[in-house]
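Since the structure comes first, as structure tokens, the remarks are kept for the end.
Number of protein chains: 2
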Amino acid sequence: MTKLSLTEENYLKAIYFIGGTSNQLVNTNAIAERLNTKAATVTDMLRKLKQKDLIEYQPYKGTRLKLEGKVQAIGILRKHRLWETFLVEKLAFGWEEVHEMAEQLEHIQSAELTERLSAFLGFPEFDPHGDPIPNKEGVFPRRDNVTLDRVSPDTAVMVQGVKDSSTEFLNYIAKLGIQLGDHIAVKSVEEFDRSLVVEHKNQQYRLSALAAANLYIKEL
Amino acid sequence: MTKLSLTEENYLKAIYFIGGTSNQLVNTNAIAERLNTKAATVTDMLRKLKQKDLIEYQPYKGTRLKLEGKVQAIGILRKHRLWETFLVEKLAFGWEEVHEMAEQLEHIQSAELTERLSAFLGFPEFDPHGDPIPNKEGVFPRRDNVTLDRVSPDTAVMVQGVKDSSTEFLNYIAKLGIQLGDHIAVKSVEEFDRSLVVEHKNQQYRLSALAAANLYIKEL
DNA sequence: ATATAAATTTAGGCAAATCTAAAAATGATT
DNA sequence: AATCATTTTTAGATTTGCCTAAATTTATAT
Ligand SMILES: [Mn+2]
Ligand SMILES: [Mn+2]
Ligand SMILES: [Mn+2]
Ligand SMILES: [Mn+2]
Numbered sequence: 001m002t003k004l005s006l007t008e009e010n011y012l013k014a015i016y017f018i019g020g021t022s023n024q025l026v027n028t029n030a031i032a033e034r035l036n037t038k039a040a041t042v043t044d045m046l047r048k049l050k051q052k053d054l055i056e057y058q059p060y061k062g063t064r065l066k067l068e069g070k071v072q073a074i075g076i077l078r079k080h081r082l083w084e085t086f087l088v089e090k091l092a093f094g095w096e097e098v099h100e101m102a103e104q105l106e107h108i109q110s111a112e113l114t115e116r117l118s119a120f121l122g123f124p125e126f127d128p129h130g131d132p133i134p135n136k137e138g139v140f141p142r143r144d145n146v147t148l149d150r151v152s153p154d155t156a157v158m159v160q161g162v163k164d165s166s167t168e169f170l171n172y173i174a175k176l177g178i179q180l181g182d183h184i185a186v187k188s189v190e191e192f193d194r195s196l197v198v199e200h201k202n203q204q205y206r207l208s209a210l211a212a213a214n215l216y217i218k219e220l
Numbered sequence: 221m222t223k224l225s226l227t228e229e230n231y232l233k234a235i236y237f238i239g240g241t242s243n244q245l246v247n248t249n250a251i252a253e254r255l256n257t258k259a260a261t262v263t264d265m266l267r268k269l270k271q272k273d274l275i276e277y278q279p280y281k282g283t284r285l286k287l288e289g290k291v292q293a294i295g296i297l298r299k300h301r302l303w304e305t306f307l308v309e310k311l312a313f314g315w316e317e318v319h320e321m322a323e324q325l326e327h328i329q330s331a332e333l334t335e336r337l338s339a340f341l342g343f344p345e346f347d348p349h350g351d352p353i354p355n356k357e358g359v360f361p362r363r364d365n366v367t368l369d370r371v372s373p374d375t376a377v378m379v380q381g382v383k384d385s386s387t388e389f390l391n392y393i394a395k396l397g398i399q400l401g402d403h404i405a406v407k408s409v410e411e412f413d414r415s416l417v418v419e420h421k422n423q424q425y426r427l428s429a430l431a432a433a434n435l436y437i438k439e440l
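Sequence order for the protein chains is A and B.
The opening position of the first sequence corresponds to residue 1 in the numbering used here, with each subsequent residue numbered one higher.
The opening position of the second sequence corresponds to residue 221 in the numbering used here, with each subsequent residue numbered one higher.
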């Protein structure tokens, strides 16, 4: 219905991301930082999005998505994650290479294309980073958001996703040889710095608490 | 190198299309008509494209692409036709449905994506309408541009492409059941209106000269 | 050669998205 | 409660792409 500009779409997505699933009030500065723009520019856009009834916004108080804004944001996220899946599964890109391309592809307008793409990929529920792909109705598949740092020693787990999907983190765990689906056993946890010794692919090595906190896992 | 806006890309493509392979001088009005815009708007853009050294342009005289402009135009055409092939071959769209989506997808910027897409599709040389896809270096595959109306009676041919790929024409020949690769035999040509009687899929029927003139064929 | 018609450019303006600098509101601190 | 720092908004410009109306150039037809 509402045909949005690429810029408007990116603002909605940013508000959705910052506000989180609980749809918290979002500050002007936080949006400006995420979109690498200036607070004054954000203010202009917030007035416009409010005028289009996509967000709640009160000057100086902050903003949050209204229902239609949230629907749009989730729709863009769906496309982003489907395209990332396509790029990795079908075109053999690495998971650390696909974000920028998906950032463009997510704005392609064609509901039919999105649905056929999903079907072509076998209706995937998670993208290459393990992030859940909302379905056509905007519903996310369930996943336990447990990270590796929450696991007690002597537990076997499977890697389900990454919390931080920055190129830096992805390259780091690629260097360790960790991929989605891999099995990891936690051997011990160091009390001093919460670092852990893990067994992975018949090797034992130490992981920092920070690295562990960015790996989503499922207990086996 | 030169990063072009979506609008600039569409102007270059329009000039390329109108000027043809012989790179004729193109009139301002012709561009305006093709892009559904006004002559004054075109003049503005021509000044800008000349300034970027992508076109030759002299006020009141017309414009033509310079080498870099032509390279860009062919690159966009390559993407357009690769994406159309993807949509038809992989997502099972009809050939009459894909143009508008390709019009968006052709502007996605990633040389690597384009090359991987081409590889994924098996390095296709022709798009779903039979139009040649230039390779990475901008070279088009050869094809005889013979149309069905040029064929003498009692000749067997194969349909290679459509000259007019408007939805109307595509729907018309779809109604006749004609698809790329089909074999057609010309039985006779009516002198009065140059219409022809053809045999196709064990049926005989009459085709207008206009319809025949829009079907590219290869003699067998 | 002049007049008329057609094509094109110029002039002036508007909307979207951005910026910098200044003003105003909010929040934190004594 | 007054002050200071932070956040946010307002004011004023800029760039891109587009428009209409008027002026200009080129082409065509007496
Ligand atoms: Mn991404
Ligand atoms: Mn985006
Ligand atoms: Mn097309
Ligand atoms: Mn286009």
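We put the CB at the ideal spot given by N, CA and C, even for glycine.
Quick one: Cα of residue i to Cα of residue j, how far?
i, j, result
"Arg142 (chain A)", "Gly130 (chain A)", "12 Å"
"Ile31 (chain A)", "Val379 (chain B)", "55 Å"
"Asp149 (chain A)", "Glu191 (chain A)", "12 Å"
"Glu125 (chain A)", "Thr167 (chain A)", "22 Å"
"Pro227 (chain B)", "Glu33 (chain A)", "The question names Pro, but residue 227 (chain B) is Thr in the sequence shown. Between Thr227 (chain B) and Glu33 (chain A), the C-alpha separation is close to 28 Å."
"Asp53 (chain A)", "His327 (chain B)", "30 Å"
"Phe120 (chain A)", "Leu311 (chain B)", "7 Å"
"Leu207 (chain A)", "Gly20 (chain A)", "28 Å"
"Val26 (chain A)", "Phe140 (chain A)", "22 Å"
"Asn135 (chain A)", "Lys268 (chain B)", "44 Å"
"Leu302 (chain B)", "Leu435 (chain B)", "21 Å"
"Arg64 (chain A)", "Asn23 (chain A)", "6 Å"
"Gln58 (chain A)", "Met45 (chain A)", "13 Å"
"Gly295 (chain B)", "Gly358 (chain B)", "7 Å"
"Thr263 (chain B)", "Tyr236 (chain B)", "17 Å"
"Val198 (chain A)", "Phe169 (chain A)", "18 Å"
"Lys201 (chain A)", "Lys187 (chain A)", "14 Å"
"Leu337 (chain B)", "Tyr60 (chain A)", "47 Å"
"Ala331 (chain B)", "Ala39 (chain A)", "34 Å"
"Pro373 (chain B)", "Asp347 (chain B)", "29 Å"
"Glu84 (chain A)", "Val98 (chain A)", "6 Å"
"Gly381 (chain B)", "Lys3 (chain A)", "35 Å"
"Asp364 (chain B)", "Gln423 (chain B)", "26 Å"
"Ile353 (chain B)", "Asn10 (chain A)", "33 Å"
"Glu316 (chain B)", "Phe123 (chain A)", "25 Å"
"Glu288 (chain B)", "Val371 (chain B)", "39 Å"
"Glu103 (chain A)", "Lys13 (chain A)", "11 Å"
"Glu309 (chain B)", "His80 (chain A)", "22 Å"
"Gln72 (chain A)", "Ser5 (chain A)", "12 Å"
"Ile437 (chain B)", "Gly401 (chain B)", "9 Å"
"Asn266 (chain A)", "Ala156 (chain A)", "Lying before the first or after the last residue shown, residue 266 (chain A) is absent from chain A, which here runs from 1 to 220."
"Leu255 (chain B)", "Thr261 (chain B)", "10 Å"
"Lys395 (chain B)", "Arg298 (chain B)", "29 Å"
"His403 (chain B)", "Glu439 (chain B)", "10 Å"
"Ala429 (chain B)", "Ile398 (chain B)", "16 Å"
"Lys50 (chain A)", "Ile18 (chain A)", "17 Å"
Using the DSSP secondary-structure output, state which residues sit across from residue i in a beta bridge.
i, result
"Gln424 (chain B)", "B:Glu419"
"Tyr216 (chain A)", "A:Thr147 and A:Gly161"
"Leu302 (chain B)", "According to DSSP, which records beta bridges pairwise, Leu302 (chain B) is partnered with nothing at all."
"Arg284 (chain B)", "B:Glu276"
Say yes only if the C-beta of residue i is nearer than 8 Å to one or more non-hydrogen atoms of ligand 5, and no if none qualify.
i, result
"Lys223 (chain B)", "In the structure shown, ligand 5 is absent; the only ligands present are ligand 1, ligand 2, ligand 3 and ligand 4."
Output needed in chain order: residues of the region 121–143 of chain A with a Cβ under 9 Å from some Cβ in chain B. none
Which ranges would you report for the beta strand (DSSP E) in the region 375–410 of chain B if only whole runs of at least 3 residues count? Counting only runs that start and end inside the region 375–410 of chain B, the beta strand (DSSP E) elements of at least 3 residues fall at 375–382 and 403–409.
Residues near ligand 3, criterion Cβ-heavy atom distance below 6 Å: B:His300, B:Glu304, B:His319 and B:Ala322
Using a beta-carbon distance cut-off of less than 7 Å, what residues from the region 1–19 of chain A approach chain B? none
When you check each C-beta in the region 79–99 of chain A against every C-beta of chain B, which residues fall closer than 9 Å? Under the 9 Å Cβ criterion, the region 79–99 of chain A contributes Leu87, Lys90, Leu91, Ala92, Phe93 and Glu97.
Within the region 18–54 of chain A, note down every full alpha helix (DSSP H) run reaching 4 residues or more, in order along the chain. Within the region 18–54 of chain A, the complete alpha helix (DSSP H) runs of at least 4 residues are 28–34 and 39–51.
Within the region 309–359 of chain B, ranges of the alpha helix (DSSP H) (whole runs, at least 4 residues): 319–325 and 331–340, all fully within the region 309–359 of chain B.
Contacting positions in the region 105–117 of chain A - beta carbon closer than 7 Å to chain B: Leu105, Ile108, Gln109, Ser110, Leu113, Arg116 and Leu117
In chain order, what residues of the region 28–62 of chain A put their CB closer than 7 Å to some CB of chain B? none
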